[in-house]
Amino acid sequence: MEQFKAVISVLWILLLNRNEECSAEEVVLLNSKESQAELGWTSYPSNGWEEISGVDEKYKPIRTYQVCNVMEPSQNNWLQTGWIWRQGGQRIFIELQFTLRDCNSIPGVSGSCKETFNLLYAESDWDLGRVTREDRYSKIDTIAADESFTQGDLGERKMKLNTEVREIGHLNRKGFHLAFQDVGACVALVSVRVYYKRCLSTVQNLAVFPDTVAEAAFSTLVEVRGSCVNNSEVDTDSPPRMHCSAEGEWLVPIGKCSCSAGYEEGHSSCEALLYSSASLHSLCRKSCRLPFLASLHMPGDESQWWEAPLGHSALLKDSLALFKRIYTAGSPARLHFTYGLTSADGWGGRYVLVLGQEDGEWIGADYLWLPLTRAAVAWQP
């Protein structure tokens, strides 16, 4: 008996290098390889599963469980994990890494040696403690090895590590326990990793989609509405939506957001356009959806009249404050422009223009802070 336990005890030092890629959408609830202290799981009866320590392929300490009571018939050895909080996960994945001895390589165990073990779970809202009640548990599956090792593999220092993934869904309680039932195998449970999948927060078509937990049903897609990034607007005819699959992948993007006037699309964002006064003329004709301000005219005193196309430095100079807000068709807001002004006679002041639309027609009010207090604006479309 002890020689078989000694054989299985050295297996952890022969672990094959495992690709430790853990995709970002996997939310890990339990990873036995990350435990630095004893796992302290419940083993019943006491001569069944045994916790041992070792190192993995990176010489990091790990805790494993083993059992090898193959010489005695009618084995029923249980190992119960601690309580696992599911954190809202709907579809729980259990990844097992284990080694299993080929019964044919063990003499004198015909009929009593098995090459499988059972994986079970019990839902609960709290820790069930260290008392193992078999009737609480539901079977997930019988676990078999794709490859089993022999005495010859040990002599050649060959390791045959098996990885199996099972899942449970439609959980209703806050958490659960896992259990491993041995019925007469020579097995080492190298690691247990429990996780659920989610679609990670992402930006698509200028819309932000939050972290979303995948549903339990494999064919179910969760529709998620996106929120437009700053300085962008939703397309009312086709608001942004995506679907989170059961595998934690975003699928079927629909709709989009568009940058507001005065902003341009950058890397998943809308960035302000920066213009000099000389380029304001072309900006307003192409992007601002404004009429073209052709000249400034102060009625009532024809001697105080001059032509000044928008963008001309004599009118705007370098003190142009750009837009406080960009007008967008359909918005009830008004536009406010503030310009530094210098006349040919050396007058200085500030010119404020307010524009908007009512019933599809342009309206405007403007104020010239010079000796004259009221001005009118003449424009052409």
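Per mature numbering (1 follows the signal peptide of the UniProt record, and there is no 0): the sequence shown = residues -24 to -1, 1 to 357.
Glycine included, C-beta positions come from ideal geometry on N, C-alpha and C.
This one's a predicted model, so the numbers in the text were calculated from it and none came from an experiment.
Buried or exposed by the 16-neighbour rule on C-beta atoms within 10 Å, applied to residue i
i    : result
I230 : exposed
E223 : exposed
F185 : buried
D158 : buried
T188 : buried
E1   : buried
G238 : buried
F194 : exposed
E48  : exposed
A164 : buried
T118 : exposed
Y35  : exposed
Three-state secondary structure assigned by DSSP to residue i
i           : result
Q127        : helix
residue 425 : It is not possible to answer for residue 425, since the shown part of the chain is limited to -24 through 357.
S8          : helix
R142        : strand
R169        : strand
D211        : coil
D111        : helix
V163        : strand
P229        : strand
C89         : coil
V179        : strand
Under 8 Å between C-beta atoms of residue i and residue j
i    : j    : result
Q73  : A155 : no
K150 : R67  : no
M218 : V205 : no
N148 : E99  : yes
V3   : Q42  : no
T139 : D78  : no
V141 : E71  : yes
Q51  : G145 : no
F15  : V170 : Per the sequence shown, residue 15 should be read as Leu rather than Phe. In this structure, V170 does not lie closer than 8 Å to L15 by Cβ.
F69  : E191 : no
Length of the line joining the Cα atoms of residue i and residue j
i           : j    : result
I82         : S177 : 52 Å
K136        : G87  : 24 Å
W17         : I60  : 12 Å
G58         : D111 : 17 Å
W102        : S19  : 19 Å
N80         : V46  : 12 Å
S244        : G65  : 29 Å
T196        : V228 : 13 Å
N94         : S203 : 46 Å
I38         : G30  : 5 Å
Y85         : S11  : One detail in the question is off: residue 85 reads as Val in this sequence, not Tyr. Approximately 35 Å, taken between the alpha carbons.
residue 363 : R109 : No statement about residue 363 is possible, as the shown extent of the chain runs from -24 to 357 and does not include it.
Same chain, Cβ closer than 8 Å to residue i, neighbours up to 5 away in sequence not counted
i    : result
K232 : N181, L182, A183, D211, S214, P216
W226 : C175, T178, Q180, F185, M218, H219, C220
7 Å Cβ shell around residue i - same chain, five flanking residues per side excluded
i           : result
V107        : none
residue 389 : Only positions -24 to 357 of the chain appear in the structure, and residue 389 is not among them; the question remains open.
S124        : L76, R77, D78, E91, K136
A120        : E91, T92
Neighbourhood of residue i by C-beta, 6 Å cutoff - its chain only, sequence neighbours within 5 removed
i    : result
S167 : S8, K9, Q73
Cβ of residue i within 8 Å of any chain B Cβ
i    : result
I144 : Absent here is chain B; the protein component of the structure consists of one chain.
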